[in-house]
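Read through the structure below, which is laid out as structure tokens, and then see the notes.
2 protein chains.
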Amino acid sequence: MSAADLMAVLLDGRLRLDFSRPHEPGNDHLVFSKGHASPLLYSCFKAAGAIDDTELLTFRKFGSRLEGHPTPILPWVDVATGSLGQGLPVGVGLALTGKRLDQLPYRVWVLCGDSEMAEGSIWEAFEHAAYSGLDNLVAIVDVNRLGQTGETMHGWDLDYYAAKAKACGWRTIEIDGHDLEQIEAAYDQATTPSDGPTVILARTKKGKGVGAVEDLPDKHGKPLDDPDQAIEELGGVRDLTVEVAKPTVEGAAHEFSAPGGELPHYDLGTEIATRKAYGEGLRALGNRRPDVVALDGEVSNSTFSALFRDAHPERYFEMYIAEQQMIAAAVGMQARNWRPFASTFAAFLSRAYDFVRMAAVSRANMCLMGSHAGVAIGEDGPSQMALEDLASMRAVHGSIVLYPCDGNQTARLLPQMADADGISYLRTSRGATPVIYPPEESFEIGGSKVVRDGGDITLVGAGVTLHESLRAADLLAEEGVQARVIDLYSVKPVDSVTLREAAAQTGGIVTVEDHWPEGGLGDAVLDVLAATDSLVPVRKLAVHALPGSGKPAELLQQAGIDAEAIAKAARQVLQGA
Amino acid sequence: MSAADLMAVLLDGRLRLDFSRPHEPGNDHLVFSKGHASPLLYSCFKAAGAIDDTELLTFRKFGSRLEGHPTPILPWVDVATGSLGQGLPVGVGLALTGKRLDQLPYRVWVLCGDSEMAEGSIWEAFEHAAYSGLDNLVAIVDVNRLGQTGETMHGWDLDYYAAKAKACGWRTIEIDGHDLEQIEAAYDQATTPSDGPTVILARTKKGKGVGAVEDLPDKHGKPLDDPDQAIEELGGVRDLTVEVAKPTVEGAAHEFSAPGGELPHYDLGTEIATRKAYGEGLRALGNRRPDVVALDGEVSNSTFSALFRDAHPERYFEMYIAEQQMIAAAVGMQARNWRPFASTFAAFLSRAYDFVRMAAVSRANMCLMGSHAGVAIGEDGPSQMALEDLASMRAVHGSIVLYPCDGNQTARLLPQMADADGISYLRTSRGATPVIYPPEESFEIGGSKVVRDGGDITLVGAGVTLHESLRAADLLAEEGVQARVIDLYSVKPVDSVTLREAAAQTGGIVTVEDHWPEGGLGDAVLDVLAATDSLVPVRKLAVHALPGSGKPAELLQQAGIDAEAIAKAARQVLQGA
């Protein structure tokens, strides 16, 4: 209720959105960063004629589109919100898309709560929006001063928020959020030319208009004791509708040119880091698909997304060291049908885990690349080593998790990531690894490769541990043990047929991963074996002790995931130890 | 090299730290938020006489304490850094500890890079430090303008940073970071009385003093071509030492009183939400242990940490909706031997996942509580449902993951969490569940309970799914099937003995969890069965489809994790289907 006046005036002529054609490229975008204001959002949809009273009353009921917090199962909702501090960064992504990708004059309106202004991600958005000159972005902050448990840090101190926003480079407007003339004047000002984004800071009262709750604490998210009385106070039962303005400009989004071309080829026996193959592959993919864009968290010379940047500067976004804003921007871009590839060190994708989680609720289609996985990075130490990324990314709804071991495999997985629904994650390695697949080899999401056949025991690895597994197979062969080696490059979905065959045809399975023991490649194998009732001895090798610095080989050995450790585990399985 | 002058002057009389007694309570704290400046930090230790030349030259070598990024295996390092934007929020935690817990006049000095000023977590720290009046905190920002790949967003625009810091309420000092007099004056000013924190913004040059790299791009993290020439330029080989000042105040940290008292008792057959038992248990624990402190992310009336707040206000920290700052503050507090319990919705702990990951590298001892787990929360929808927390928290090095099903179990696990090394995580539920354990029952970390015996099949659940499993056992009993039900409240470490017995003594195992299928309770069971060569059919029930809103029972049914689904899976296992 605190933001109802703000939204009523917005809908009455300011917002330009054709509710009957929600995917019209020229539509404005309205993001409720305070997703718990969903009753207001759905009431706006009702007032605009997009939904009817019957549907409005299904709010929060099983099977309803009107969930407790908005999600894109409603066509007028770009992204899911409900985890605070995410809507504004996503709005930055939409506004960047409008200016640099779609190249259409739509506006992005974001309703923020004042409680969520405490989230750092909000201030990443403030910084990036001003830095990028996003004059098509308007944030409306509903400063009702009351959070869930009590007053915010700054109460109704609009000047505090204004000073911070101004320091970031925003135009600021402070108003009484229940004074309709002030609200109109604010929108008028916010839509006059500017060289950057505008924030409207509106002093409001929580529960405005209903005496039993207005400006009172401890009323957050609780039903009213006397709803009839409240309706009476608000003016009685009415059926208000509003004619929402249509977009001023018709027409399609901009399209970039893509001359086509081949994916990179690497010769068998040469060496290349999979992170470098990512950069070369992504550059090539940019030549083949005009919708592919890239973002990076200021490590593009490590992830090699710099190669895409240099080839396709108009489709590259430097997000600096702000991983949350990077993922949020990618989510905004994919909402307008671009295909983002966002990259940083795999360890630092953990900074944006809540954003990745929410991206899945947003039904986002986007691609992530995390480099420098595992102890194999060597000297930089554990802060830079992703050892939990397979677990965390597997536990994202509908995700794809890939972990290639050579250059050709890496490059050939990229077009499939770009085609895939949902969130796909590619884990790459720091060091160079030998090219073991010819350039013409094909790789499916959900597939695997038997890179060496053998009937005694099966070794399952991926990335750096695939190469260690091959070396272990050599060691075992010297002892007369024929090891089958499976490259499980698709950790999710996982190739159940090949694993089940291995369980049936060999005397046991050793899995090996440069990752903590929990939730990674080994657990993926155990899961599929259980699901297919494949009862076979399995040894899981993974990193157990906290590593330090050292050479990659020293750390692989210390972790017990190098060839010697794999061969030893294989012997133990065969001996029933 | 850009920050060497800043640190040299700091060590020469400003920093008060007895290197020979690193755990002296009155010592100042020096945090390198830019952890990649580790060579400078280690050089400071060398200059202070804490380490010798021989050890200094082990930098980044296998087995050395001098890792690529600092960690607390060095006694003068409070916390691990290397994931940017974390040192300052941890510094806020240390400064809060100094003022409100230790009640000692030590200062906290944090060296920040300018690249990391793009992280939102830095601005959470700026906001909280000023809000809490932390006049014992000094941030020194090394504005060398060059990041890893290029220039930062703001280059040498010190005024930009100063305006933002001022708007947050900080005292700001802008200097030339290579002018020793200006540096001295800045420290003098920073240590004069104030009502809040101070930031020194220092304009510096990357690679200062060595012509081959000074203020040049593309030199980040790369060895010098001609180190001898560089040493010559820097003044030649010397053996500089510095007498670092000792703390001015001797003496112990403040101790709170803890009168003792009993943990809460709940009567069998009554109902209570485990999140509420957490609040009541934590309040009681605060009476028993004076070192226990609590933090919450502005949902204390949902997590019931408000009960601790009301009983022990001096040991409660409201962190507002800033989960990263909340975890960082907890890490800072535990570095001074307090035992923090930090709580929010389990879904929103994902916001701070990188901080939890780094806390493990910091060897932090702290307790986390995530409420509102799984689809069982009902109407609020998927943005509020933690469905990945078991996976992500299991994949934290050395972590403990607990998921109680009743009030007595919850309360009795809390003292054990407070005693445990490492990071322990407690998952709680929104809705009330029946009390099934008597108050005198004891629960070990790493244990489980066989809550119903039976020899035909085993059902393994925890939290809400334990109650569904009991109901499934009733359904199966009606059909003459005797199901054993295991309460796997300790998801990590996991009770291998009881699970192995179940595998040996019953015809199969059904695991059931209110969580995605990846990395949770089911995978924990498969892992232990594989490790013990227990070959038994296992069916894993978990949430597969993205849920919406609805009543808890509707959502449990839809997800296929309610009693009926469990009974059905058990029948299938028994029929070999």
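Protein chains in written order, with UniProt numbering: chain C, 1 to 577; chain B, 1 to 577. C-beta: ideal position from N, C-alpha, C; glycine also.
Is the beta carbon of residue i less than 9 Å from the beta carbon of residue j?
{"i": "Leu-30/B", "j": "Ala-3/B", "result": "no"}
{"i": "Arg-339/B", "j": "Ala-418/B", "result": "yes"}
{"i": "Pro-264/C", "j": "Gly-286/C", "result": "no"}
{"i": "Glu-379/B", "j": "Gly-520/B", "result": "no"}
{"i": "His-372/C", "j": "Ser-302/C", "result": "yes"}
{"i": "Gly-508/C", "j": "Ala-570/C", "result": "yes"}
{"i": "Tyr-160/B", "j": "Gly-147/C", "result": "no"}
{"i": "Ala-130/B", "j": "Trp-156/B", "result": "no"}
{"i": "residue 619/C", "j": "Glu-232/C", "result": "Because chain C in this structure spans residues 1 to 577, residue 619/C falls outside the shown range and cannot be described."}
{"i": "Ser-121/C", "j": "Ala-328/C", "result": "yes"}
{"i": "Ser-490/C", "j": "Leu-402/C", "result": "yes"}
{"i": "Trp-76/C", "j": "Leu-17/C", "result": "yes"}
{"i": "Gly-82/C", "j": "Ser-383/B", "result": "yes"}
{"i": "Asn-408/C", "j": "Tyr-187/C", "result": "no"}
{"i": "Tyr-42/B", "j": "Tyr-353/C", "result": "no"}
{"i": "His-254/C", "j": "Asp-102/C", "result": "yes"}
Taking all protein chains shown into account, decide if residue i is buried (16 or more other Cβ within 10 angstroms of its Cβ) or exposed.
{"i": "Leu-94/B", "result": "buried"}
{"i": "Val-455/C", "result": "Before going further, note that residue 455/C is Gly rather than Val in the sequence given. Exposed: under 16 other Cβ atoms inside 10 Å."}
{"i": "Lys-164/C", "result": "buried"}
{"i": "Gln-325/C", "result": "buried"}
{"i": "Glu-124/B", "result": "buried"}
{"i": "Ala-545/B", "result": "exposed"}
{"i": "Arg-21/B", "result": "exposed"}
{"i": "Asp-239/B", "result": "exposed"}
{"i": "Thr-248/C", "result": "exposed"}
{"i": "Asp-514/C", "result": "buried"}
{"i": "Gly-463/B", "result": "buried"}
{"i": "Gly-91/B", "result": "buried"}
{"i": "Asp-225/C", "result": "exposed"}
Here's a check: name, in chain order, each residue in its chain whose Cβ is nearer than 7 Å to the Cβ of residue i, leaving out the five neighbours to either side.
{"i": "Asp-78/C", "result": "His-29, Val-31, Pro-72, Leu-94, Ala-335"}
{"i": "Gln-505/C", "result": "Gly-455"}
{"i": "Phe-308/C", "result": "Gly-279, Leu-282, Arg-283, Gly-286, Ala-294, Tyr-316"}
{"i": "Glu-119/B", "result": "Leu-84, Gly-85"}
{"i": "Glu-151/C", "result": "Arg-145"}
{"i": "Thr-97/C", "result": "Gly-332, Met-333, Arg-336, Trp-338"}
{"i": "Thr-511/C", "result": "Val-460, Leu-521, Gly-522, Val-525, Val-538, Lys-540, Leu-541"}
{"i": "Glu-24/C", "result": "Asp-18, Pro-247"}
Going by beta carbon distance, what residues of the same chain come within less than 8 Å of residue i, once the five residues before and after it are set aside?
{"i": "Gln-572/B", "result": "Arg-539"}
{"i": "Val-451/C", "result": "Ile-436, Leu-466, Leu-470, Val-485, Ile-486, Asp-487"}
{"i": "Asn-27/C", "result": "Arg-16, Leu-17, Asp-18, Arg-21, Tyr-106, Pro-247"}
{"i": "Met-385/B", "result": "Ala-347, His-372, Ala-373, Gly-374, Val-375, Ile-377, Pro-547"}
{"i": "Gly-196/B", "result": "Ala-129, Ala-130, Gly-133, Leu-134, Asp-135, Gly-169, Trp-170, Arg-171"}
For a cutoff of 9 Å on Cβ pairs, would you count residue i as touching chain A?
{"i": "Arg-500/C", "result": "The displayed structure is made up of protein chains C and B, and chain A is not among them."}
CB-CB under 6 Å to residue i, same chain, minus the five flanking residues each way: which ones, in chain order?
{"i": "Ala-306/C", "result": "Ser-300"}
{"i": "Gln-416/C", "result": "Ile-445"}
{"i": "Leu-555/B", "result": "Val-375, Pro-547"}
Check whether the region 532 to 549 of chain B and the region 528 to 537 of chain C touch, using three or more Cβ-Cβ pairs below 8 Å as the test.
yes
- Enumerated in chain order, which unbroken segments of the beta strand (DSSP E) with a length of 3 residues or greater are wholly contained in the region 71 to 123 of chain B? 108 to 113
Tell me whether the region 390 to 404 of chain B and the region 425 to 434 of chain B touch, counting them as touching only if at least three CB pairs, one residue from each stretch, are closer than 8 Å. yes
Check your understanding: Hey, is the region 179 to 198 of chain C in contact with the region 210 to 222 of chain C, meaning 3+ C-beta pairs nearer than 8 Å?
Key -> no
Report yes or no: do the region 497 to 504 of chain C and the region 474 to 483 of chain C share at least 3 C-beta pairs separated by less than 8 Å?
no
Checklist entry - What runs of the alpha helix (DSSP H), each 4 residues or longer, lie entirely inside the region 329 to 403 of chain B? => result 346 to 349, 353 to 361, 389 to 394
Do three or more CB pairs link the region 56 to 75 of chain B to the region 355 to 373 of chain B at distances below 8 Å?
-> yes
Next item on the list: Go through the region 548 to 573 of chain B residue by residue and report every complete run of the alpha helix (DSSP H) that reaches 4 residues or more, in order.
Entry: 552 to 559
Ranges of the beta strand (DSSP E) found wholly within the region 268 to 331 of chain C, counting only runs of at least 3
271 to 273, 292 to 296, 316 to 318
Just to confirm the assignment: which complete alpha helix (DSSP H) runs, minimum length 4, are found wholly within the region 171 to 241 of chain C?
180 to 190, 227 to 233
- Task: Please specify which runs of the alpha helix (DSSP H), each continuous and at least 4 residues long, are wholly inside the region 444 to 522 of chain B, giving them in chain order.
- Result: 464 to 478, 496 to 505
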